[in-house]
Amino acid sequence: MMLNPDTDLKLTRTLNAPRAVLWDCWTKPEHLMHWFVPRPHKVVACELDVRPGGKCNTTFEVDGNLMPNNGVYLEVIPGEKLVFTDTYTEGWKPSPEPFMTAIVTFEDAGEGKTTYTAIARHRNPESAKQHADMGFYDGWGTVATQLEEYAQGLAAK
Amino acid sequence: MSAEPRLDALFQALADPTRRAILSQLARGPASVSDLAQPFDMALPSLMGHLRKLEDAGLIDTKKDGRVRTCAIVPEAFAPVRGWLDEQRALWEGRLDRLEEYVMHLMKERSDDAES
C-alpha cells in the first residue's frame with residue numbers, strides 16, 4: 001500500500017501476546033474500554049458490531065463533556081485484520097465530517113508473539129486543518145497521553 | 001514553567017466546546033467581548049470565565065480600551081499543538097502503549113485463572 005507521508009501514518013510493534021488476545025482487546029467493549037483513551041478520561045459507551053458495515057461506536061467522556069466517535073467496520077478478518085472508518089456510520093449513512101480510515105493487522109511472530117500494525121489514513125491536510133475543533137481535540141488527546149506516560153514513569157520509579 | 005503544566009493548562013482550556021468556538025471566531029480576527037457574546041446564549045459572567053481561562057492558558061490576549069475589552073488570539077500559543085499528523089501519531093502510539101500494557105495484564109490474569 002502506498003502511504004502518503006503528509007496524511008498517513010503507520011505504527012508497527014511486536015507485542016508479547018497471541019493474536020487471539022489482541023483481537024479480543026480490539027473487538028470486545030469490555031476490553032477496549034480499558035485502554036482506548038488515556039486516563040483519567042473514560043470510554044463511557046462502546047458498541048461494536050464487528051462485521052463489515054457494523055457499527056463501531058465509542059463515546060469518550062473528557063472533563064465531563066461527552067464526545068461521540070461513530071463509524072463502521074469496512075473489513076473484518078477475524079484474528080487478522082480490522083478496517084474501520086468514521087466516513088460512514090451504521091446503515092452506511094455518510095458522515096458530515098469524515099476524518100480517517102484505520103487499518104489494524106495482527107500477524108503471528110512466533111513464540112506466542114504478534115506483529116501488530118496500525119495504519120491511519122486521513123483526509124488531506126488542508127481539510128484536516130479546517131476542522132479546527134477536531135485538531136484541538138486530538139492535540140488535547142496527545143497531551144493526555146504524554147501526561148499519562150509521564151505519570152507512569154514516575155510511578156515506576 | 002516546564003512543558004507538562006503549561007500543556008496541561010493549554011489543553012484544559014481547549015477541552016471545552018464553548019472555548020473552542022470562541023477561538024474559532026477569534027481566528028478570524030480580534031473581537032470585542034460583546035461581539036463574542038452574540039453567538040452564545042450565555043450570561044456575560046460565564047463568557048468572561050471562559051475568556052479568563054483562555055487568557056490564563058496564554059491562548060488569547062485581552063486589552064481594555066475605555067469601556068471596550070478586545071480579545072485577540074495569540075498564534076504562538078498554538079506551537080505545541082502544531083502538526084496535526086504528529087498529534088495523530090502520538091495518539092496512536094499512546095493507544096498502542098496502553099494496549100500493550102492492558103494485554104499483558106489480561107494474559108497474566110488468564111494464566112493465573114488457569115493455574116488456580
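Sequence lines, in order, name chains A and B.
Read in my numbering, the first sequence has 42 at position 42, and its numbers run on one by one without any break.
Read in my numbering, the second sequence has 33 at position 33, and its numbers run on one by one without any break.
Note that CB positions come from ideal geometry on N, CA and C, so glycine has one too.
Since this is a predicted model, take the numbers as computed values, not measurements.
query: CB contact flag (A:Val83, A:Glu90, <7 angstroms); result: no
query: Cross-chain neighbours of A:Phe36 in chain B, by beta carbon under 9 angstroms; result: Arg95, Arg98, Leu99
query: Status (buried if at least 16 other CB within 10 Å, exposed otherwise) for B:Glu109; result: exposed
query: CB contact check: A:Arg123 to chain B, cutoff 7 angstroms; result: no
query: Where the alpha helix (DSSP H) containing A:Pro29 begins and where it ends; result: 29 to 35
query: Rounded straight-line distance, which links the Cα of A:Met2 to that of A:Arg39; result: 34 angstroms
query: Residue of B:Arg95, B:Gly66, B:Glu55, B:Trp84 minimising C-alpha distance to B:Leu10; result: B:Glu55
query: A:Ala17 versus A:Pro29 - alpha carbon distance; result: 19 angstroms
query: 7 angstroms CB neighbourhood of B:Arg20 in its chain, flanking five on each side removed; result: Leu14
query: For A:Leu82, three-class secondary structure by DSSP; result: strand
query: C-alpha gap between A:Thr58 and A:Cys25, whole angstroms; result: 14 angstroms
query: Terminal residues of the alpha helix (DSSP H) in which B:Lys119 lies; result: Residue numbering for chain B in the displayed model covers 1 to 116; residue 119 of chain B lies beyond these limits and cannot be assessed.
query: One or two residues paired with B:Ile22 in a DSSP bridge; result: Bridge partners of B:Ile22: none, in fact.
query: The region 92 to 112 of chain B / the region 56 to 69 of chain B touching (three or more Cβ pairs under 8 angstroms); result: no
query: Closer than 8 angstroms at the beta carbon, the chain B residues around A:Cys25; result: Leu99, Tyr102, Val103, Leu106
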